[in-house]
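Shown next, in structure tokens, is the structure this report addresses.
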Amino acid sequence: MQVGDILRKKAARVATVRMNETVAIAAQLMRSSNISALVVKDVVRTEGNTAVGMFTERDVVRAIAQYGAAGVNMRVSQFISVQQLVSCTSTDTLEHVRHLMSKHHIRHVPVIDNYSLIGVVSIRDISTAFDDEATPFKLAASA
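Counting in the working numbering, the sequence shown runs from 4 upward without gaps.
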């Protein structure tokens, strides 16, 4: 099974936040969309809007734990690592993405095809896909 198989079942909208937004704005976006991670975008002169990282609920907690109430007024860019965006493509296998998540200790991976952000997969998406794939075998075994 490939990442594209998951994306076809999900909503097409990808929730993003600009890297100069505050932690409070990012938290409000996550709450209003009922999600736990946002793709962080930056405007790059030569490339336009570019995905540069992920901002998650963990980052909100880290901001508040480190800086107290002032943490919510800090910029998203202060809590993401822009050195290396871990991403995948729609043709990558779920096993490969699960390995990336485990290796980098992350739960969300942006999907980028031809330099365009087309979606995000979560560990929950992958787990559900593996469970769904195994279900016919479980049903056959119990029959």
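Built from N, CA and C at the ideal position, the CB exists for glycine as well. Every value quoted in this text rests on a predicted model; they were computed, and no experiment measured them.
Of the listed residues the options, nearest to residue i (C-alpha basis)
i      : options                           : result
ALA40  : PRO113, TYR118 and ILE129         : PRO113
GLU60  : LYS44, VAL42, MET33 and SER80     : MET33
LYS13  : ALA137, ASP135, VAL124 and PHE133 : VAL124
ILE126 : ASN117, HIS107, SER119 and GLY71  : HIS107
Sequence-distant residues of its chain with Cβ nearer than 6 Å to residue i (five each side left out)
i      : result
SER80  : MET22
ILE115 : SER90
ALA27  : VAL75
Continuous beta strand (DSSP E) stretch holding residue i: start and end
i      : result
GLY122 : 119-125
ILE67  : Looking at the DSSP string, ILE67 is not in any beta strand (DSSP E); the run it does join, the alpha helix (DSSP H), is 60-70.
HIS2   : Shown here, the chain extends from 4 to 146; a query on residue 2 therefore has no answer.
ARG21  : 19-21
Where residue i sits in the DSSP three-state scheme
i      : result
GLN31  : helix
LYS13  : coil
GLN87  : coil
THR131 : helix
ASN76  : helix
N-terminal and C-terminal residue of the alpha helix (DSSP H) that residue i is part of
i      : result
ARG101 : 97-107
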